[in-house]
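First the structure, in the form of structure tokens, and then the observations on it.
In the numbering used here, the protein residues as written are 3 to 205.
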């Protein structure tokens, strides 16, 4: 495979595009240019959750259909999800510091996200060491179920529902945020392809 067509190269190329796009994002009346990091951290966590959901879905299909390829997809997607989840945390800290001049580490959803980051890393390392298909698929399925249940009951302090972006009525901001999400998903796709290939080559 050509180096310029490798999934890892395309992943980093997409990251560069995301960074450039975020730098020129639309400003917001109260937060000004600092809102750009809020857009980016929002797109990042959406992508992480989507990867976890797809990992859980692939794991469920693999357990029901007993198809090897779905086990491998679940493994790659779970690893992609935790990479995006862990890297979302410093973006969240950056957003706090830039926009609210301080770090609110006790914020319920940030605290919960930190717990799931540590748990997710330990889970993925454990699944990699155990290297058993059905355990990997089951682990990824249970992880996203527990994550969604706990976040659904968590208090909203700095993340008030419904989404401030999608309910802003500003279609420039909404369109920009959607574009960031799409590009982040594309980056996750390339990373998943790389991890999938890496995993299958080591079988």
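C-beta atoms are modelled at their ideal positions from N, C-alpha and C, and glycine is treated no differently.
Legend entry - Collapsed DSSP secondary structure at residue 92 in the structure displayed: helix
Legend entry - Check whether residue 9 and residue 196 have beta carbons under 9 Å apart: In this structure, residue 9 sits near residue 196, with a CB-CB distance shorter than 9 Å.
Legend entry - Sub-9 Å separation of residue 189 and residue 26 beta-carbons: No, Cβ-Cβ distance for residue 189 and residue 26 is not below 9 Å.
Inset, instruction - Could you please give the first and the last residue of the uninterrupted alpha helix (DSSP H) stretch that includes residue 9? - result: 9-25
Inset, instruction - Inspect the beta-carbon positions of residue 58 and residue 114 and report whether they are closer than 9 Å. - result: no
Inset, instruction - Could you tell me the boundaries of the alpha helix (DSSP H) in which residue 155 lies? - result: 135-155
Inset, instruction - Please go through the same chain and pick out, in chain order, the residues whose beta-carbon is closer than 8 Å to the beta-carbon of residue 186, but skip the five residues on each side of it. - result: 20, 45, 46, 48, 49, 86
Legend entry - Sub-9 Å separation of residue 61 and residue 141 beta-carbons: A contact, by the Cβ cut-off of 9 Å.
Inset, instruction - Would you kindly check if the distance between the Cβ of residue 93 and the Cβ of residue 17 is under 9 Å? - result: No. Outside cutoff.
Legend entry - Range covered by the alpha helix (DSSP H) that runs through residue 111: Run containing residue 111: 110-132, per the alpha helix (DSSP H) assignment.
Inset, instruction - Please classify residue 68: does DSSP put it in a helix, a strand, or coil? - result: coil
Inset, instruction - Give the single residue among 134, 125, 111, 191 whose Cα lies nearest to the Cα of residue 2. - result: Absent from the structure is residue 2, since the part of the chain shown begins at 3 and ends at 205.
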